[in-house]
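Chemist: Listed in order, the protein sequences are those of chains A and B.
Each residue of the first sequence is one higher than the last, beginning at 0 in numbering that gives the first Met the number 0.
Each residue of the second sequence is one higher than the last, beginning at 0 in numbering that gives the first Met the number 0.
Each residue gets a CB set at the ideal place from its N, CA and C atoms; glycine is no exception.
Let me give you the structure first, and then I'll get to my questions.
Protein chains: 2
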Amino acid sequence: MNIMVTEKILIVDDEETLCEVLKLNLENEGYDVDIAFSAEQALTLDLREYSLILLDIMMGEISGIKMAKMLKADIKTSHIPIIFCTAKDTEDDMIMGLNLGADDYIMKPYTVRNVIARVKSVLRRTSGSKPVNASAEKPEILQIEGLQLDLEFKRCLVDGAEIKLTKKEFELLAYLISHRGKICSREQILAKVWSNEVVVLDRTIDVNITRLRTKIGKYGSYIVTRSGFGYGFSY
Amino acid sequence: MNIMVTEKILIVDDEETLCEVLKLNLENEGYDVDIAFSAEQALTLDLREYSLILLDIMMGEISGIKMAKMLKADIKTSHIPIIFCTAKDTEDDMIMGLNLGADDYIMKPYTVRNVIARVKSVLRRTSGSKPVNASAEKPEILQIEGLQLDLEFKRCLVDGAEIKLTKKEFELLAYLISHRGKICSREQILAKVWSNEVVVLDRTIDVNITRLRTKIGKYGSYIVTRSGFGYGFSY
DNA sequence: CGGATTTGTAACAATTATGAAACATTTATG
DNA sequence: CATAAATGTTTCATAATTGTTACAAATCCG
């Protein structure tokens, strides 16, 4: 047996009995299984630690579809494979057409055997794709509402959509956000973001601020100017 | 009798009686036999441990053909010989034309004696071709969907087809994949992949990235460039 | 208010990074 | 040794980034 961390699976479904049956069977296969009876409940968990999410499309207030969108829009969870569970009469095309990045989907009523097979299949496909210490890792993600900065992958999501930031823009934004609530002088910004590489004018910052503001859309107004002092990221 | 691990054989067929008969007879010959009544069920097993798979072509949802393709496409199982069982009227050419790497095939209705003979024959041909500790071995395989990197055999499969990667290409890809989700600076890449052997230019990485991208086909776009930062393997 | 100062913005210029291809060199292999 | 394969380098074209400037707009402060 190789050294491996147990794969954690989350089941999100409002049918309690079904959940229990699946949980038992999956645990029997060696997986670590958690259950959430609603999307709301699921969202209270630290979803990063799951290797796979089994998601019922038809649920209460937040539908499975909405939840899937949220998962895919959140940089911390967007890589987690999702298997949709759908009622039998749901149109095939609908699911696929949703373009939600579902890795698989299963029709109800499904057999336990079938579910396990799908789970294994998906996990086999995506094995090695999760962070090494998913649950213990320092996130390295800055997030302000719908504005997300992945400091490792150097990318920025605005309400779920990736925004291309240049290196300087990215570093500038990261600097401001990580000093949220403080006004940073141009000197400080130059020192940290521009390092001591080359000598650039103060005004360079201003221009980059402008570019940043437009790129991050509605969050642009979070970058505030304090005349005579510098810039900051507001609460 | 020499020291040998019992050879495990998997029968995948939906005719229960037939399976049992075969199982009894093969066990009588000293083999260890498991049965799966469908491809789905078979896929829940750890297939690596089998020395041979007897596969019925005509089955339920996942046909035997599809399953064989999956087996051959998965680097963990691609070495396992498969004997196809076909209905009598199946065209010979069809089987061979499938180019599935079947090691043999048998027409139904077949005699038990016949099956055993084929099994022995195939196992004789392929003996020594399986991993030493097939079931206990640490896989050491990186897999992203249809892209598979066998770190031990130093080979790469793209959707089941072997792709020849040079040493540097292989190591570079392995490095990127094992740091999936992070952007690796050229410095980091040089340090790890090029070690401190020789001094090479940054641009060497770029060129190897390009070569890699074209070689791994559609997965090439998984290798992302973050201008000014470096390269990374995306989710 | 009104001039001085600071900041926003757009356009431009300069620089740098990257991809692709071709070429050169080194290394493996028989 | 000869050949092929692998690897590194150079070059060119292009794309992307970054910095500067000029001017408009906003802000500051008497």
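CB-CB under 6 Å to SER77 of chain A, same chain, minus the five flanking residues each way: which ones, in chain order?
Modeler: Contacts found: LYS71.
Chemist: Using a Cβ cut-off of 8 Å, pull out every chain B residue sitting near LYS166 of chain A, in sequence order please.
Modeler: Simply ARG225, SER226, GLY227, PHE228.
Chemist: For ASN113 of chain A and chain B, any beta-carbon pair shorter than 8 Å?
Modeler: Yes, its Cβ sits closer than 8 Å to a Cβ of chain B.
Chemist: With a threshold of 8 Å between beta carbons, is TYR218 of chain B in contact with chain A?
Modeler: Taking Cβ atoms only, chain A never reaches closer than 8 Å to TYR218 of chain B, which makes this a no.
Chemist: Does LEU42 of chain B get closer than 8 Å to chain A when you measure Cβ to Cβ?
Modeler: Answer yes: the Cβ-Cβ gap between LEU42 of chain B and chain A drops below 8 Å somewhere.
Chemist: Quick check: the Cα distance between ALA41 of chain B and ARG117 of chain B, rounded to an integer number of angstroms?
Modeler: Each residue's alpha carbon lies about 21 Å from the other.
Chemist: Is PHE228 of chain A buried or exposed, if buried means 16 or more other CB atoms sit within 10 Å of its CB?
Modeler: With fewer than 16 other Cβ atoms within 10 Å, it is exposed.
Chemist: Contact between the segment 8 to 18 of chain B and the segment 46 to 54 of chain B: three or more CB pairs below 8 Å?
Modeler: Touching, per the Cβ criterion.
Chemist: With DSSP collapsed to three states, give me the class of ARG47 of chain B.
Modeler: Here ARG47 of chain B sits in helix by DSSP.
Chemist: Based on the DSSP secondary-structure assignment, which residues constitute the bridge partners of GLY231 of chain B?
Modeler: GLY231 of chain B pairs with B:ILE182, B:VAL223.
Chemist: Measure from the C-beta of SER120 of chain A to each C-beta in chain B and report whether the shortest distance is under 8 Å.
Modeler: So, interface residue.
Chemist: For GLY63 of chain A, does the count of other Cβ atoms within 10 angstroms reach 16, so buried, or fall short, so exposed?
Modeler: GLY63 of chain A should be labelled buried.
Chemist: What does GLU39 of chain B touch in chain A if you count any residue whose Cβ is under 7 Å from its own?
Modeler: Residues of chain A passing the Cβ test: ARG112, ASN113, ALA116.
Chemist: Using a Cβ-Cβ cut-off of 8 Å, state whether ILE182 of chain B counts as contacting chain A.
Modeler: So, interface residue.
Chemist: Does DSSP put GLU136 of chain A in a helix, a strand or coil?
Modeler: The predicted position of GLU136 of chain A is uncertain, since its pLDDT is 45 and thus under 50; a value taken from the coordinates is nonetheless stated next. GLU136 of chain A falls in the coil class under three-state DSSP.
Chemist: Could you please tell me which residues of the segment 9 to 24 of chain A, in chain order, have their CB closer than 7 Å to any CB of chain B?
Modeler: From the segment 9 to 24 of chain A, no residue has a Cβ closer than 7 Å to chain B.
Chemist: List the endpoints of the continuous alpha helix (DSSP H) containing LYS22 of chain A.
Modeler: Segment 15 to 27, the alpha helix (DSSP H) holding LYS22 of chain A.
Chemist: Roughly how many angstroms separate the alpha carbons of ILE81 of chain A and ARG123 of chain B, rounded to a whole number?
Modeler: If I take the Cα positions, the gap works out to 43 Å.
Chemist: Whose Cβ in chain B lies nearer than 8 Å to the Cβ of GLU151 of chain A?
Modeler: Near GLU151 of chain A (Cβ distances below 8 Å), the residues of chain B are GLY180, LYS181, ILE182.
Chemist: Can GLU151 of chain A and GLU139 of chain A be called in contact, C-beta distance under 8 Å?
Modeler: Yes, Cβ-Cβ distance for GLU151 of chain A and GLU139 of chain A is below 8 Å.
Chemist: For ALA173 of chain A, I'd like the list of residues in its chain whose CB is within less than 8 Å of its CB, leaving aside the five on either flank, ordered along the chain.
Modeler: Hits under 8 Å: LEU141, LEU148, LEU150.
Chemist: Where does SER226 of chain B land, buried or exposed, given buried means 16+ other C-beta within 10 angstroms?
Modeler: SER226 of chain B should be labelled exposed.
Chemist: SER77 of chain A versus chain B: which residues are under 7 Å apart at the beta carbon?
Modeler: Under the 7 Å cutoff, chain B gives TYR234.
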